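Each step along the sequence shown adds one to the number in this note's numbering, with nothing skipped, and position 50 is 93.
All residues carry an ideal CB built from backbone N, CA and C; glycine is no exception.
Because the structure is a prediction, the values reported are computed rather than measured.
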Amino acid sequence: MPELLVPRLSVAPSAREAARGTDWDEHPTYAGLAGLTDAELPGWVESLVTDSRPHASRPPGATPATNLWWVDGDTYLGRVQVRHHLTHDLREAGGHVGYHVVAAHRRRGHATAMLAATLPVAAQLGLDCVLVTCDADNAGSRRTIEANGGLFHDQRGVKLRYWVPTA
């Protein structure tokens, strides 16, 4: 049964294999994962965990983010990132929550379940409502957001913006 977990080394090789596939997550945190060696995976996993700490080193203007993986045993199915604060760019296009399901595992309800499991995490961070965005032509992502109580707010460019209550 899939579950949402803090990134762990036992799942990292599966994430790396997924990164070698097609339609990989282009989020900067995951860029280059496909080329990491076994010796580099522990540091990469630790950086994902450290990113949630308020005073961790990060690029200027970046906000702390809790990274979580959707896994079945040691099989990586996808990821969620909960940004603790909205920067200007996140307010426009990224939102509080970003998620990605590996192409081979799509259309099985994983995104909907993953977002549902993420909402209590966002609530624990003090977020009563989270901004979640998707491309206007991404019907699957729209259904995922709406199935989790997302209320359409507006469209900015190609991005649809929804507010989703966390409780």
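Asked: Continuous beta strand (DSSP E) assignments of at least 3 residues falling wholly in the segment 60-112; Found: none
Asked: Spatial distance of Tyr205 from Pro107 (CA atoms); Found: 21 Å
Asked: For His139 and Leu168, the rounded distance between their alpha carbons; Found: 11 Å
Asked: The alpha helix (DSSP H) enclosing Pro163, as first and last residue numbers; Found: His153 to Gln167
Asked: Helix, strand or coil at Gly200 [DSSP, three-state]; Found: coil
Asked: Whole-Å CB distance - Arg122 paired with Trp113, under 8 Å assumed; Found: 7 Å
Asked: Inter-residue Cα distance where the pair is Leu133 and Gly104; Found: 11 Å
Asked: Buried/exposed call for Val156, threshold 16 Cβ in 10 Å; Found: Looking at the sequence itself, residue 156 is Ala, so the reference to Val does not match. Ala156 comes out buried.
Asked: Burial state of Gly141 (16 or more Cβ within 10 Å); Found: buried
Asked: Arg185 and Cys172 closer than 8 Å at C-beta; Found: no
Asked: Run of the alpha helix (DSSP H) containing Gly183, from where it starts to where it stops; Found: Ala182 to Ala190
Asked: Check whether Leu158 and Thr118 have beta carbons under 8 Å apart; Found: no
Asked: Arg109 vs Ser95 beta-carbon contact at 8 Å; Found: The sequence shown places Thr at residue 109, rather than the Arg named in the question. Yes, the pair counts as a contact, with Cβ atoms nearer than the cut-off.
Asked: Cross-strand partners of Val125 (DSSP beta bridge); Found: Thr109 and Val140
Asked: Selection from Leu120, Thr209 and Ala147 that minimises the alpha carbon distance to Leu47; Found: Leu120
Asked: Cutoff 7 Å; reference His128; Cβ partners in own chain excluding five residues on either side; Found: Thr106
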